[in-house]
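Residue numbering for the sequence shown is 1 to 106, as defined by UniProt numbering. Even for Gly, the Cβ is constructed at its ideal location relative to N, Cα and C. Read through the structure below, which is laid out as C-alpha coordinates, and then see the notes.
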Amino acid sequence: MNTDEIETARSQIYEALHEVYDPELGVNLVDLGLIYGVDVSEDGFVEITMTLTTPGCPMHESISEGVGVALQDIPGLTSGELRLVWEPPWEPSRMTDEGRRQLGWL
(Lines of atoms letter the chains of each structure in order from A and count residues from 1; the text may use other names and numbers.)
(Lines give C-alpha, C1' and ligand atoms only; values in the text may rest on other atoms or scores of the structure.)
Protein backbone atom coordinates (compact mmCIF):
# COMPACT_ATOMS: atom_id res chain seq x y z
CA MET A 1 0.00 0.00 0.00
CA ASN A 2 1.25 3.46 -0.78
CA THR A 3 0.66 6.53 1.41
CA ASP A 4 -2.62 7.45 -0.26
CA GLU A 5 -3.93 3.90 0.04
CA ILE A 6 -2.96 3.80 3.72
CA GLU A 7 -4.82 7.05 4.40
CA THR A 8 -7.85 5.80 2.48
CA ALA A 9 -7.78 2.58 4.51
CA ARG A 10 -7.52 4.54 7.78
CA SER A 11 -10.55 6.63 6.78
CA GLN A 12 -12.49 3.50 5.88
CA ILE A 13 -11.55 1.90 9.20
CA TYR A 14 -12.79 4.89 11.19
CA GLU A 15 -15.99 4.92 9.12
CA ALA A 16 -16.48 1.19 9.80
CA LEU A 17 -15.82 1.66 13.52
CA HIS A 18 -18.70 4.14 13.60
CA GLU A 19 -20.87 1.07 12.98
CA VAL A 20 -19.62 -0.83 16.05
CA TYR A 21 -21.66 0.02 19.12
CA ASP A 22 -21.10 -0.41 22.81
CA PRO A 23 -24.11 -2.65 23.50
CA GLU A 24 -24.65 -1.22 26.97
CA LEU A 25 -24.59 2.46 25.97
CA GLY A 26 -25.84 2.27 22.39
CA VAL A 27 -23.15 4.66 21.11
CA ASN A 28 -20.47 3.74 18.57
CA LEU A 29 -16.85 3.22 19.62
CA VAL A 30 -15.54 6.33 17.85
CA ASP A 31 -18.08 8.75 19.35
CA LEU A 32 -17.56 7.19 22.78
CA GLY A 33 -13.85 8.03 22.46
CA LEU A 34 -12.75 4.42 22.89
CA ILE A 35 -10.50 4.37 19.79
CA TYR A 36 -7.06 5.72 20.67
CA GLY A 37 -5.32 4.98 17.40
CA VAL A 38 -5.42 3.24 14.03
CA ASP A 39 -2.19 2.34 12.26
CA VAL A 40 -2.00 0.69 8.86
CA SER A 41 1.29 -0.63 7.48
CA GLU A 42 2.36 -0.85 3.85
CA ASP A 43 1.58 -4.56 3.82
CA GLY A 44 -2.02 -3.97 4.98
CA PHE A 45 -1.59 -4.93 8.62
CA VAL A 46 -3.85 -2.83 10.84
CA GLU A 47 -3.33 -2.17 14.53
CA ILE A 48 -6.18 -0.61 16.47
CA THR A 49 -5.46 0.69 19.94
CA MET A 50 -8.57 1.11 22.05
CA THR A 51 -9.95 0.94 25.54
CA LEU A 52 -13.28 0.20 27.16
CA THR A 53 -15.35 2.32 29.50
CA THR A 54 -14.35 0.10 32.42
CA PRO A 55 -11.68 -2.58 32.88
CA GLY A 56 -14.28 -5.18 33.84
CA CYS A 57 -16.53 -4.46 30.86
CA PRO A 58 -18.55 -7.64 30.24
CA MET A 59 -18.98 -6.72 26.57
CA HIS A 60 -15.26 -7.01 25.70
CA GLU A 61 -15.63 -10.08 23.49
CA SER A 62 -18.74 -8.79 21.75
CA ILE A 63 -17.09 -5.44 20.96
CA SER A 64 -13.89 -7.13 19.74
CA GLU A 65 -15.88 -9.40 17.44
CA GLY A 66 -17.81 -6.39 16.16
CA VAL A 67 -14.56 -4.63 15.25
CA GLY A 68 -13.37 -7.67 13.31
CA VAL A 69 -16.63 -7.99 11.40
CA ALA A 70 -16.70 -4.25 10.60
CA LEU A 71 -13.21 -4.34 9.07
CA GLN A 72 -13.42 -7.58 7.09
CA ASP A 73 -14.54 -5.99 3.80
CA ILE A 74 -12.06 -3.09 3.70
CA PRO A 75 -9.84 -3.53 0.63
CA GLY A 76 -6.12 -3.92 1.17
CA LEU A 77 -6.23 -5.04 4.80
CA THR A 78 -4.41 -8.33 5.25
CA SER A 79 -4.57 -8.92 9.01
CA GLY A 80 -4.53 -7.01 12.22
CA GLU A 81 -4.37 -6.71 15.94
CA LEU A 82 -6.74 -5.13 18.43
CA ARG A 83 -4.70 -3.74 21.33
CA LEU A 84 -6.78 -3.18 24.44
CA VAL A 85 -5.14 -0.65 26.75
CA TRP A 86 -6.07 0.91 30.08
CA GLU A 87 -3.72 3.90 30.02
CA PRO A 88 -4.81 6.55 29.62
CA PRO A 89 -8.06 5.50 31.23
CA TRP A 90 -11.30 6.32 29.44
CA GLU A 91 -13.32 9.19 30.79
CA PRO A 92 -16.41 10.97 29.44
CA SER A 93 -14.36 13.94 28.21
CA ARG A 94 -13.02 11.66 25.44
CA MET A 95 -16.45 11.46 23.80
CA THR A 96 -17.30 13.50 20.74
CA ASP A 97 -20.14 16.00 20.85
CA GLU A 98 -22.19 13.47 18.88
CA GLY A 99 -21.56 10.83 21.56
CA ARG A 100 -22.62 13.24 24.28
CA ARG A 101 -25.73 14.14 22.29
CA GLN A 102 -26.68 10.48 21.88
CA LEU A 103 -26.42 9.97 25.62
CA GLY A 104 -28.50 13.10 26.27
CA TRP A 105 -25.60 15.04 27.76
CA LEU A 106 -25.90 17.92 25.26
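Looking only at DSSP bridge pairs, what is residue i linked to?
{"i": "THR49", "result": "GLY37 and ARG83"}
{"i": "TYR21", "result": "ASN28"}
When we look at the beta-carbon of residue i and count the other beta-carbons within 10 Å, is it buried (16 or more) or exposed?
{"i": "VAL85", "result": "exposed"}
{"i": "ASP97", "result": "exposed"}
{"i": "THR3", "result": "exposed"}
{"i": "GLY56", "result": "exposed"}
{"i": "ASP73", "result": "exposed"}
{"i": "GLY66", "result": "buried"}
{"i": "GLY104", "result": "exposed"}
{"i": "GLY80", "result": "buried"}
What is the rounded straight-line gap between the Cα of residue i and the Cα of residue j?
{"i": "ILE13", "j": "ILE6", "result": "10 angstroms"}
{"i": "THR53", "j": "MET1", "result": "33 angstroms"}
{"i": "GLU91", "j": "GLY68", "result": "24 angstroms"}
{"i": "THR51", "j": "LEU34", "result": "5 angstroms"}
{"i": "PHE45", "j": "SER62", "result": "22 angstroms"}
{"i": "GLU42", "j": "ILE48", "result": "15 angstroms"}
{"i": "PRO89", "j": "LEU82", "result": "17 angstroms"}
{"i": "LEU25", "j": "GLY76", "result": "32 angstroms"}
{"i": "ASP22", "j": "VAL40", "result": "24 angstroms"}
{"i": "GLY37", "j": "ARG10", "result": "10 angstroms"}
Once you ignore the five residues that flank residue i on each side, which residues in its own chain have a CB closer than 8 angstroms to its CB?
{"i": "LEU106", "result": "ASP97 and ARG100"}
Can you give me the Cβ contacts of residue i inside the same chain, cut-off strictly under 7 angstroms, excluding the 5 residues immediately before and after it?
{"i": "ARG94", "result": "GLY33"}
Excluding sequence positions up to five away, which residues of its chain have a Cβ less than 6 angstroms from the Cβ of residue i?
{"i": "VAL27", "result": "GLY99 and GLN102"}
Exercise for the section: Taking only runs that begin and end inside the region 74 to 101, name each unbroken beta strand (DSSP E) of 3 or more residues, in chain order. Expected result: For the region 74 to 101, whole beta strand (DSSP E) runs of length 3 or above, ordered along the chain, are 79 to 84.
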